Structure formats: C-alpha cells, structure tokens
Amino acid sequence: MNDARVLVTGGAGFIGSNLANHLAADNEVIAVDDCYLGTPENLDDAVEFVEASVTDDDLPTDVDVVFHLAALSSYAMHEDDPTRGARVNVEGFVNTVDQARRDGCDTVVYASTSSIYGSRTEPSPEDMPVTVNTGYEASKMARERYGEYFRNHYGLDVAGLRFFSVYQGYGGAEEHKGEYANVIAQFADDVANGRAPKLYGDGEQTRDFTHVSDIVRGIELAADHQLNGIYNLGTGEAYDFNTVVEMLNDELGTDVDPEYVENPIPDDVYVHDTCADYSKMYEETGWEPEITFEEGIERVCAQYK
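With my numbering, letter number 142 in the sequence shown gets 142, and the count goes up by one each step, no holes.
Below, the structure is given as structure tokens:
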C-alpha cells in the first residue's frame with residue numbers, strides 16, 4: 001500500500017500501533033484510540049493521533065481504507081459489563097464503517113476472532129460451523145454479520161480477519177496491556193525476572209501463536225487485494241503452555257518452574273486449543289507466516305539479554 005490515506009481504529013493499541021507505524025512509512029495514517037487499552041507512546045511521530053472513541057460522531061473517516069481494530073478484547077471485559085462490550089465492539093464498528101461509507105471510503109478490514117471456533121486441535125477452516133459462548137465472541141460474530149450487510153447492501157469491500165494468538169513481547173507494544181497482554185509476553189517477563197509464570201490448569205492447553213509482524217502483513221494484504229468475507233490469520237501450528245515456558249527458559253538460560261493455578265474462566269466456555277487453517281488467505285493473497293515460533297521466542301527474549 002502506497003500513498004493512501006488510512007484510518008486505524010484502536011491505533012494506539014498493540015496490533016493497531018504496529019500496523020499504523022508500518023503503514024506510515026508510505027502512507028498518511030490516522031490512529032484513533034480512546035486510550036483505554038492503548039497509549040500514543042506506541043506510535044511513531046509520522047502517525048497522526050486522535051484521541052476519540054469509535055462510538056463518537058465526526059470521526060476522521062475521510063480516508064481510502066479503514067482498518068478497524070478497536071475492541072474490548074477479553075472475556076472478562078465483556079462479562080463485567082456486557083452492554084459496554086456490545087457498545088464498543090458492535091455499535092463502534094457500525095458507527096465507524098457507516099461514517100466512512102458516507103465519506104466515500106469503500107474498503108474496510110476489521111478484526112474478528114478465532115475464539116468462535118471453540119476448542120480444536122485440528123486446523124480450523126473459515127467455513128466450519130462456529131459457536132458463541134461468551135459476550136466477546138458474540139460481539140465479534142455480530143461484526144461479521146454487519147460486515148456482510150455493508151458488503152451486500154452498500155457494495156463495500158469488507159474483510160474480517162480471525163486472528164489467532166497474536167504476540168510480540170513487552171519489548172514491542174504489549175507492555176502497556178499488562179494482564180491483557182498475550183501470555184507469551186507475560187510468561188517471558190516472569191521467567192526473565194525469576195517469577196513463576198501462572199499457568200491455568202495443567203498447562204496443556206495449546207495456542208496457534210502468530211507473530212504480530214505476520215499479522216500486520218496479512219492486514220495490509222487484505223486491503224491491497226480488496227478482500228471480502230472472512231479469513232484466518234494464523235500459522236497452522238500450535239504449542240502448549242508448558243512447552244512455551246520450556247522454550248523461554250532455554251532461550252533465557254534460566255530454570256524457572258511454572259505455577260499451576262485454577263482457571264478463572266469456566267471450563268464450558270474456555271477455549272482450550274486453537275489452530276488455524278490459513279489456506280484461504282494464502283490462495284487469495286499469497287500470505288503465509290514468515291516468523292517461526294523459535295524465531296518469535298528469540299525476539300521476545302531479546303530485550304532481557
């Protein structure tokens with residue numbers, strides 16, 4: 001993407017700031033964030049920052065492309081206040097996209113979630129049946145339906161990306177998220193500082209960990225190709241939490257054992273395993289992950305050496 005004017009909502013957050021900073025090298029980038037989970041300190045000087053909520057009127061939507069990443073992004077946030085969760089994740093999406101549509105923008109790429117696949121050790125394709133067990137998942141499913149509406153009714157190019165477990169480490173833009181950062185960032189910081197990382201249950205749950213740089217490439221490609229519909233962004237490989245801690249110890253030269261604690265999320269809604277089938281994205285854009293998990297662990301740990 002070159003010489004475009006783009007809006008990144010949630011642009012001061014983890015994924016959003018990585019995307020905004022990347023795009024700013026060749027484009028005019030506006031980052032909107034209400035600073036609940038983001039901080040403008042994550043952004044390069046080349047990015048124009050606007051502190052606002054996606055539920056506000058008069059957003060800076062006179063752009064060529066909207067990248068809508070703003071969301072309340074955890075189970076706890078939605079269970080604590082389901083109405084606020086729906087207002088931000090659903091109403092905020094509709095409000096942003098509709099303002100952009102009225103301003104002449106016809107390309108939207110937005111964040112959905114892999115959580116709606118439930119627990120699966122086999123790679124999950126986009127066309128498999130999905131379920132909604134939490135407010136967070138319900139809000140992302142609603143986005144997908146509204147995305148379909150904007151495509152079918154108004155002819156916009158609208159792509160929803162189901163992210164798998166996105167990580168970078170505290171050395172990137174995750175530190176500000178604290179307890180909401182990806183578990184790899186949290187585990188690495190614990191191990192590097194001699195603290196026992198807390199693993200839910202027996203630590204055998206698995207995640208398809210995808211480095212944020214691969215996610216950013218996928219988001220940009222979705223806009224470049226003016227994709228429509230739903231696409232997975234993940235590696236197709238999964239690692240259990242026990243293995244993650246072992247790899248962090250190996251990379252850091254430490255020997256810190258994890259602490260096993262009771263899972264605060266009910267078993268009937270907890271997503272125990274995830275794994276992506278990214279073949280659809282590959283077929284339409286050529287995207288595939290470039291950062292191996294071993295290299296990703298090295299990058300996460302580099303700040304501690």
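Backbone N, C-alpha and C define an ideal beta-carbon position, used for all residues, glycine too.
Predicted model, so just to flag it, every value in this text is computed and none were measured.
Exercise for the section: List in chain order: all unbroken beta strand (DSSP E) runs of 3+ residues lying wholly within the region 64–115. Expected result: Within the region 64–115, the complete beta strand (DSSP E) runs of at least 3 residues are 65–68, 107–113.
Problem - Contact set for C301: own chain, Cβ-Cβ below 8 Å, skip 5 residues either direction - result: Take C301, set aside five residues on each side of it, and the residues of its chain with a beta-carbon closer than 8 Å to its own are G169, A188, A192, L248, E251, L252, in chain order.
Handout entry: Residue from R299, S53, N95, K140 whose Cα sits closest to the Cα of S114
Key = Out of R299, S53, N95, K140, K140 has the C-alpha closest to the C-alpha of S114.
Practice task
Assess, as a yes-or-no matter, whether the region 157–167 is touched by the region 213–233 under the definition of 3 or more beta carbon pairs within less than 8 Å.
Solution key: Yes, the region 213–233 is in contact with the region 157–167.
Handout entry: Continuous beta strand (DSSP E) stretch holding E51: start and end
Key = In the DSSP annotation of this structure, the continuous segment of the beta strand (DSSP E) that includes E51 starts and ends at 48–51.
Handout entry: Which residues DSSP lists as bridging L199, in chain order
Key = Answer is Y260.
Problem - C-alpha distance - A111 paired with V216, whole-angstrom precision - result: Rounded to the nearest angstrom, the two C-alpha atoms are 12 Å apart.
Practice task
Provide the residue span of the alpha helix (DSSP H) that contains I291, from first to last.
Solution key: Neither: I291 is in no alpha helix (DSSP H) and is coded neither H nor E.
Exercise for the section: Give a single yes or no on whether E288 has its beta carbon closer than 7 Å to a heavy atom of the ligand ZN. Expected result: The ligand ZN is not among the ligands present in this structure, which contains no ligands whatsoever.
Practice task
For my contact list, M77 and A223 are in at a C-beta cut-off of 8 Å; report their separation, rounded to the angstrom.
Solution key: Approximately 27 Å separates the beta-carbon atoms of M77 and A223; this is outside 8 Å, ruling out the contact.
Practice task
Look at the alpha carbon of G10 and the alpha carbon of R207, and state the distance between them as a whole number of angstroms.
Solution key: The straight-line gap from Cα to Cα measures roughly 24 Å.
Problem - Coarse secondary structure for A142, derived from DSSP in three states - result: Helix at A142.
Handout entry: Cβ-Cβ distance between D263 and Y167 below 8 Å
Key = One point to set straight first is that residue 263 is Asn, not Asp, in the sequence displayed. No, these two residues do not count as a Cβ contact at 8 Å.
Problem - Within 8 Å, strictly: CB atoms of A238 and T121 - result: Cβ distance < 8 Å, so A238 and T121 count as in contact.
Exercise for the section: Can you give me the start and stop residues for the alpha helix (DSSP H) that I15 sits inside? Expected result: 14–23 is the span of the alpha helix (DSSP H), which, as asked, contains I15.
Exercise for the section: Report the residue from A100, R5, C105 whose alpha carbon sits nearest the alpha carbon of L59. Expected result: Nearest of A100, R5, C105 to L59, Cα basis: A100.
Practice task
Please report how far the alpha carbon of E298 lies from the alpha carbon of N152, in whole angstroms.
Solution key: When rounded, the distance between both Cα atoms is 44 Å.
Practice task
With DSSP collapsed to three states, give me the class of D273.
Solution key: Strand, per DSSP.
Practice task
Mind listing, in chain order, the continuous alpha helix (DSSP H) runs of no fewer than 4 residues lying wholly within the region 163–200?
Solution key: Restricting attention to alpha helix (DSSP H) runs no shorter than 4 residues, the region 163–200 encloses them at 183–192, ordered along the chain.
Problem - Close beta carbons around E28, own chain, < 6 Å, minus the five adjacent residues each side - result: Shown here for E28: same chain residues with a beta carbon closer than 6 Å to its own, the five before and five after excluded, namely R5 in chain order.
Exercise for the section: Determine the direct distance from the alpha carbon of Q303 to that of D26, and round the result to whole angstroms. Expected result: Taking the Cα positions, D26 is about 28 Å away from Q303.
Handout entry: With 16 other Cβ atoms within 10 Å as the buried cut-off, status of T292
Key = Sixteen is the threshold: since fewer than 16 other Cβ atoms of the shown chains lie within 10 Å of the Cβ of T292, the residue is exposed.
Exercise for the section: Under 7 Å Cβ to Cβ from E290, same chain only, skipping five residues before and after it: list those, please. Expected result: Taking E290 as the centre and dropping the five residues before and after it, the same chain places the C-beta of D214 closer than 7 Å to its C-beta, in chain order.
Handout entry: Beta carbon of D240 nearer than 8 Å to that of Q186
Key = Result no, Cβ atoms of D240 and Q186 do not sit closer than 8 Å.
Problem - Beta-bridge pairing of G218 - partner residues as DSSP gives them - result: In the DSSP assignment, no residue is bridged to G218.
Practice task
From the DSSP output, in three-state form, read off R5 for me.
Solution key: In the structure shown, R5 sits in a strand (DSSP, three-state: E or B).
Handout entry: Sub-8 Å separation of S119 and H22 beta-carbons
Key = The answer is no: Cβ separation not under 8 Å.
Problem - Same chain only: Cβ atoms within 7 Å of N182, ignoring 5 sequence neighbours per side - result: Cβ neighbours of N182 beyond the five flanking positions: S165, V166, Y167, E174.
Problem - As assigned by DSSP and simplified to three states, the class of I265 - result: Here I265 sits in coil by DSSP.
Practice task
Would you check if the distance between the CB atom of G286 and the CB atom of H211 is smaller than 8 Å?
Solution key: Contact: no.
Handout entry: Status (buried if at least 16 other CB within 10 Å, exposed otherwise) for G13
Key = Classification for G13: buried.
Handout entry: For D57, the nearest candidate out of N95, V32, P266 (CA to CA)
Key = Checking every option, the nearest Cα to that of D57 belongs to N95.
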